[in-house]
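One structure is given here, and the rest of the page talks about it.
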Amino acid sequence: MNRRRIGYGILLAIMLVAPTVIYPVLVMKVLCFALFACAFNLLIGYTGLLSFGHAVFLGTAGYVAGHSIKIWGFPPELGLIFAALAAAALGWVIGSLAIRRSGIYFAMITLALAQMMYFVFLQAPFTGGEDGLQGIPRGKLLGIIDLKDDLNLYYFVLAIFIFGFWIIHRTIHSPFGQVLKAIRENEARAISLGYDVAKYKLLAFVLSAGLAGLAGATKTLVFRFATLTDAHWHTSGEVVLMTLLGGMGTVFGPVVGAATIVTLQNELADKVGSLVTVIMGAIFVICVLAFRRGIVGELGALYRKMTGTR
Amino acid sequence: MTEIFGVPIQALYGQLMLGLVNGSFYAVLSLGLAVIFGMLNIINFAHGALYMAGAMLAWMGMEYLGIGYWWMLVLAPIAVGLIGIAIERLMLQWLYKLDHLYGLLLTFGLALMIEGLFRDLYGVAGQPYSIPEALLGAFNLGFMYLPKYRAWVILASLSVCLVTWFVIEKTRLGAYLRAATENPQLTQAFGINVPLMVMLTYGFGVGLAAFAGVLAAPATQISPLMGSNLIIVVFAVVVVGGMGSILGSIVTGLGLGVIEGLTKVFYPEASSTVVFVIMAIVLLVRPAGLFGREK
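Heads up: the sequence lines are chains A and B, in that order. Going by our numbering, 185 is the number at position 185 of the first sequence; the sequence numbering is gapless. Going by our numbering, 534 is the number at position 224 of the second sequence; the sequence numbering is gapless.
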């Protein structure tokens, strides 16, 4: 237990000094996607539900945050909370439809409903269609701290990330999280033990959607725009890839995966153009065929092997 | 001019035909998905990308080799079928013992690769492909003009679907297939080469997708993105119909195509979302799908 604390401490120290070494906006992008992937992992890794349309929550919250801050003049903290709640509400609607089927159908339904929302956003007047919402002001946090400064914003984003990560951590290690894992391992048995499985699944889905929304709203604040790309199925695929590459069902896997993919895309974007998609696809294939535990999962297995512990 | 609810009847018939054309594509694609799912327990996300590959191959055959439409209608499905067999042997066969979700993830990765490759080669702009000479022009049905090509697409798709249905439900080969779907171990024990059948099924399923792609080539713009937009709608079709019955997939595909066409006439804003809305309603009323069985 002590070793774990030290581990967390080192990570926190790295994150605190990171913006002095690396371009803060890039680190903030990593943090947003890391939170997004952690929220996604709560479903795939701990409940066994593959939501293939998770970008819809990222995108929706981005629009809601952008609209409420830019048009209605919400302060940033209120905009973020409002956007996360909106995403959670949408999660409730999509979740209650999708949990009516399980397995492969669940994935197809979430993907289809997300695509429907994508078309709604494409046509709705408040989203700005293909152009998106632009020039969203970052504002002042609690009326005091100016978020226009990248460093100020960085620590705010880091605080949001830690908050989200903490909620997920608490959820996984709570009795509620144990039931989720039981559902993942053997749904029929969880039902026979008297758990209302549908309710647990829905609650997990809403929580995941809300946190994905928090990530999306934060991303909007960082980049000052909300676009259709965030709600596109490509983004849904990306978050699946991040989680798969980092390690499904591990606490840090999604963070590692998000950092790897975002950095990779950042490095490759200018060099290979549209071949980025091919590379992402290839990583997918390699992960599924040879590397299903992901980076963190493999490292953990290696560590246990070397120390001889389980 | 005659009107129904303020819509000229000619426009109504036109959209109805277009709906049937789209519905035929839905039917062929969802049939392929269902056949593959039955044997491999995998949802083939690459289906849309291979449909696009079929259309691109038709265009490339014309552009580089001067091979016409009719030849490509045979050659492209065979080529894509062979690619499918390679995919099955090299990758998919290692996943059968795992959770179904890995099959979806792997084929999603493949879809990204195929789409990305064509995008890198040809960009996202559409390529034109002309209708073969024999199918130019239109039939005059008295109350409307029916473009020959549209009639051909509907006819060809339906024939392919019905032949598939006949082979699976009424022939000896189909009986083996159904037995292998039901219980692969036992079927194998009877001396039937199940892995070979699985391989051929995947090849055939993606061949169907390529066939639909060639059919679509003269009717739409051939673009590397044409598959991914379609496959998500086809997923919704599959959810609505359920994958239990072949005739069910055909009827659902055509029906949803027609509904989509009619929506374009009466409420165009909703035409891109109507299939998903219907899916949501079906989930509320009959979660197993219209023709599905609850497992």
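Note that the Cβ used here is the ideal one computed from N, Cα and C, for glycine as well. No experiment lies behind these values; they were computed from the predicted model shown.
Closest by C-alpha distance to Y23/A, out of V285/A, T263/A, L275/A, is T263/A.
DSSP places K148/A in the coil class of the three-state scheme, outside both helix and strand. A distance of 8 Å or more separates the beta carbons of F225/A and G91/A. Residue pairing for N450/B: DSSP places it in a beta bridge opposite Y455/B. The alpha-carbon of G48/A is positioned some 38 Å away from that of D150/A. Across the set P76/A, T171/A, F252/A, the C-alpha of F252/A shows the shortest separation from the C-alpha of R4/A.
For the segment 558-586 of chain B, the residues whose beta carbon sits under 7 Å from a beta carbon of chain A are, in order, E579, S582, T583, F586. Residue burial annotation: N41/A is buried, with at least 16 other C-beta atoms found within 10 angstroms of its C-beta.
Annotation for W92/A: the continuous alpha helix (DSSP H) segment containing it runs 76-98.
Proximity of chain B to M242/A at the Cβ level (cut-off 8 Å) is not reached, the minimal Cβ distance being about 12 Å. Distance from V575/B to A321/B at the Cβ level is roughly 6 Å; contact confirmed, criterion being Cβ atoms closer than 8 Å. Nearest Cα to G333/B within the set G394/B, M362/B, V585/B, H410/B: V585/B.
The beta carbons of L360/B and A519/B sit closer together than 8 Å. For R101/A, the nearest CB of chain B lies under 8 Å from its own CB, placing it at the interface with that chain. Interface flag for H410/B against chain A is set, since a Cβ pair is found closer than 8 Å.
The three-state reading of DSSP puts L133/A in strand, counting E and B together. Per DSSP, the beta-bridge partners of I532/B are Q437/B.
H173/A counts as exposed, since fewer than 16 other beta carbons sit within 10 angstroms of its beta carbon. With a cut-off of 8 Å on Cβ pairs, the segment 431-443 of chain B is in contact with the segment 518-537 of chain B, counting three or more such pairs. In the DSSP annotation of this structure, F126/A is not part of any alpha helix (DSSP H), being labelled neither H nor E. Of all residues in the segment 332-361 of chain B, the ones placed with a Cβ closer than 7 Å to any Cβ belonging to chain A are I353, in chain order. Three or more Cβ pairs closer than 8 Å define a contact, and the segment 397-407 of chain B falls short of that threshold against the segment 258-274 of chain A. The beta carbon of Q531/B lies closer than 6 Å to those of G436 in the same chain, with the five residues before and after it left out. In chain order, G517, A520, F521 place their CB closer than 6 Å to the CB of P387/B, counting only its own chain and leaving out the 5 sequence neighbours on each side. Residue burial annotation: P578/B is exposed, with fewer than 16 other C-beta atoms found within 10 angstroms of its C-beta. Around the beta carbon of T220/A, 16 or more other beta carbons sit within 10 angstroms, so the residue counts as buried. Under the criterion of beta carbons closer than 8 Å, L496/B and F284/A do not qualify as touching, at roughly 34 Å. Chain B has no Cβ within less than 8 Å of the Cβ of M306/A.
Going by beta carbons, A37/A and G257/A fall inside the 8 Å limit. CA-to-CA, the gap between L58/A and A212/A works out to about 5 Å. In the structure shown, L141/A falls within a strand segment according to DSSP collapsed to helix, strand and coil.
Note that the C-beta distance between G391/B and F514/B is below 8 Å.
Here the alpha carbon of V463/B sits roughly 12 Å from the alpha carbon of L383/B. Residues of the segment 106-123 of chain A with a Cβ closer than 7 Å to any Cβ of chain B, in chain order: A107, M108, I109, L111, A112, L113, Q115, M116, F119, V120, Q123. Taking C-alpha positions only, S102/A is separated from I109/A by approximately 10 Å. For A226/A, the pairing in a beta bridge is given by DSSP as L133/A.
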